[in-house]
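In our numbering, the protein residues as written are 262 to 534.
First up is the structure itself, then whatever we jot down about it.
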Ligand SMILES: [Zn+2]
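So, in structure tokens, the structure goes:
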């Protein structure tokens with residue numbers, strides 16, 4: 262499908278959304294970095310509690326972000342991302358995990374899925390690839406964190422499989438999106454990475470000296486296709502974080518000293534007027 266990602270602002274906060282999700286009842290937002298209250302890089306909208314920022318300021322940033330996109334900050338459901346491929350089903354019992362304190366975040370997990378309404382899933386990124394999934398038929402959603410390790414472990418595909426198993430999702434109904442993250446224009450990796458992803462060798466461009474440009478956006482898109490999504494149901498934001506440090510946090514551009522953007526996906530409750 263065409264890239265349907267649009268940057269917008271609300272209450273002085275900027276974020277990007279995929280229209281295809283919004284149109285069928287899923288709130289989604291990839292936050293930008295401007296107009297926050299962080300200390301870690303002064304004034305950025307860091308949304309992560311695990312990067313040595315002032316926790317009170319992070320919670321204020323989360324509240325500003327939540328208000329701007331119309332979700333409840335107390336119900337943000339988060340996980341401690343470890344570049345693995347574990348997918349966790351979010352049930353009633355874990356709603357709000359990590360919303361106010363990192364101590365009770367869902368441990369060692371890189372993808373969350375749920376079919377509950379008004380549960381804003383929130384994962385954190387600075388160059389790694391956000392993979393968003395929503396099923397307009399069952400109402401199920403999934404959100405994954407795919408750096409090269411998660412991509413090598415096929416987390417995008419595993420997230421689809423988990424939605425099929427848990428919620429009866431038919432992959433051909435799923436809408437999938439790849440959020441802002443480091444692009445093939447900037448993501449240099451070495452042989453060691455290429456060797457770990459042999460099945461996707463065609464997504465590496467050789468630049469000599471054992472270095473490659475890796476196209477993580479399209480490896481993840483390919484995994485979604487292999488999991489059964491239709492080509493016309495997949496959108497790639499196509500914005501490289503390393504090329505836009507004014508808009509986004511980039512771990513590479515900022516040499517590790519930065520905050521994290523949040524990507525939020527939430528199934529809205531159906532309301533009747
Ligand atoms: Zn780039």
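Beta carbons: idealized from backbone N, C-alpha and C, even for Gly.
* residue 522 to residue 349 span [Cα, whole Å] -> Position 261 of the chain shown, counted from the start, is the residue given in the question as residue 522. Position 88 of the chain shown, counted from the start, is the residue given in the question as residue 349. Spanning the two alpha carbons is a distance of roughly 21 Å.
* Backbone CA spacing between residue 538 and residue 501 [nearest angstrom] -> Examination of residue 538 is not possible in this model, given that the chain is present from 262 through 534 alone.
* **Rounded C-alpha distance that separates residue 461 from residue 444** => Position 200 of the chain shown, counting from 1, holds the residue named residue 461. Position 183 of the chain shown, counting from 1, holds the residue named residue 444. Straight across, the Cα-Cα distance linking residue 461 with residue 444 is about 16 Å.
* Stretch-stretch touch, CB-based, cutoff 8 Å, three pairs: the segment 490-497 with the segment 338-345 -> no
* Asked: Going by other Cβ atoms of all chains shown within 10 Å of its Cβ, with 16 needed for buried, is residue 282 buried or exposed?
  -> Taking the first residue of the chain shown as position 1, residue 282 is located at position 21. Residue 282 is buried by the Cβ-count criterion.
* Asked: Can you pull the DSSP bridge partners for residue 391?
  -> Within the chain shown, the letter at position 130 stands for residue 391. Its beta-bridge partners are 406.
* Asked: Which term fits residue 398, buried or exposed, when burial requires 16 or more other beta carbons within 10 angstroms of its beta carbon?
  -> Position 137 of the chain shown holds residue 398. So residue 398 counts as exposed.
* For residue 353, count neighbouring Cβ atoms within 10 angstroms of its own Cβ and tell me buried if that reaches 16, exposed if not. => Start at 1 with the first residue of the chain shown, and residue 353 comes out as number 92. Residue 353 is exposed by the Cβ-count criterion.
* Could you spell out where the alpha helix (DSSP H) holding residue 317 opens and where it closes? => Translated into the one-based positions of the chain shown, residue 317 becomes position 56. Note, residue 317: alpha helix (DSSP H), 316-330.
* Where the alpha helix (DSSP H) through residue 487 begins and ends -> Residue numbering aside, residue 487 sits at position 226 when the chain shown is read from its first letter. Start and end: 477-487.
* Which stretch, first to last residue, makes up the alpha helix (DSSP H) that contains residue 427? -> Along the chain shown, read from residue 1 onward, the residue named residue 427 stands at position 166. Taken as a continuous stretch (DSSP letters only), the alpha helix (DSSP H) holding residue 427 covers 416-428.
* To do: Classify residue 412 as helix, strand or coil using the three-state DSSP reduction.
  => On the chain shown, residue 412 is found 151 positions in, with the first residue counted as 1. Residue state, collapsed to three classes: helix.
* To do: With DSSP collapsed to three states, give me the class of residue 279.
  => Residue 279 sits at position 18 when you count from the first residue of the chain shown. Here residue 279 sits in strand by DSSP.
* **Among 294, 482, 392, the one whose alpha carbon lies nearest that of residue 236** => Any property of residue 236 remains undetermined from this structure, which presents the chain solely from 262 to 534.
* Looking only at its own chain, which residues have a Cβ that is under 7 Å from the Cβ of residue 332, when we skip the five neighbours before and after it? -> Within the chain shown, the letter at position 71 stands for residue 332. Hits under 7 Å: 288, 381, 525, 527.
* Does the count of Cβ pairs from the segment 467-486 and the segment 397-414 closer than 8 Å reach three? -> yes
* **C-beta atoms of residue 336 and residue 357 nearer than 9 Å** => Within the chain shown, numbered from 1, the residue matching residue 336 stands at position 75. Within the chain shown, numbered from 1, the residue matching residue 357 stands at position 96. Cβ distance < 9 Å, so residue 336 and residue 357 count as in contact.
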